[in-house]
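Numbering-wise (our numbering), the sequence shown opens with residue 1242 and increments by one. Don't be surprised by glycine CBs; every beta carbon is placed ideally from N, CA and C. Keep in mind the model is a prediction, meaning the values are calculated, not measured. Worksheet for the structure shown next.
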Amino acid sequence: MRKINFTINEVANKFGLSAHTLRFYDKEGLLPFVERNKSGNRTFTEGDLKWIAMICCLKNTGMQIKEIKQYSDWCTQGSGTVDARKTMLTAHRSQVLMQIDDLKRNLELIDSKIAIYEDPDMARRMDDHLDR
C-alpha cells in the first residue's frame, strides 16, 4: 500500500532540502495546501510532493520566490489564471534556455582547457605563459 502522508523530514530528504527550507516556503505562502496533523505538524500528500517538485524546478532554474508565490497564487485561483500562468512559464522557459546556452559556452571553454592539459607539451607551454 502506498504511503499517503509524509513528514516534513521525509519530504526534505526526498528533495534534498532542509526542513527549515520547507517551513520557509510554507511561511512565504508557497505551500497553501499543506495540512497539519493533530499535533500541529505539517503532513504532505503525494499531490503535495508534485507541487514541491514544481517549486524546486522553478527555484533551481532561477525563478525568484516572489514570482513562485505569484504562480502559486494563480494556481490556487483556478482556471481563470491559466493564460497568466502560461505567459509566466513561457517567459521563464526563455530565461532557462538562455542559461543553457551560457552554460554550453562555458563548458566549451572548460573542455578546451582540459584538452590542453591532456597534451603534456601544450600544458608546459601554457605554464610558461601563466595558463591564459
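{"Check": "Classification of Leu-1338 by the beta-carbon crowding that lies within 10 angstroms, buried from 16 upward", "Outcome": "exposed"}
{"Check": "Cβ distance (whole Å) where Phe-1256 is taken to contact Phe-1285 below 8 Å", "Outcome": "Their Cβ separation, rounded to whole angstroms, is 10 Å, which puts Phe-1256 and Phe-1285 out of contact at 8 Å."}
{"Check": "Among Glu-1359, Leu-1271 and Gly-1281, nearest to Met-1295 - alpha-carbon criterion", "Outcome": "Leu-1271"}
{"Check": "Spatial neighbours of Asp-1267 in its chain, beta-carbon cut-off 8 Å, leaving aside the 5 residues before and after", "Outcome": "Val-1275 and Arg-1283"}
{"Check": "Limits of the unbroken alpha helix (DSSP H) element including Leu-1299", "Outcome": "1287 to 1301"}
{"Check": "For Thr-1262: DSSP bridge partner residues", "Outcome": "Beta-bridge pairing links Thr-1262 to no other residue."}
{"Check": "DSSP state of Thr-1248 mapped onto helix, strand, coil", "Outcome": "coil"}
{"Check": "Cα-Cα separation, Asp-1360 to Thr-1328", "Outcome": "49 Å"}
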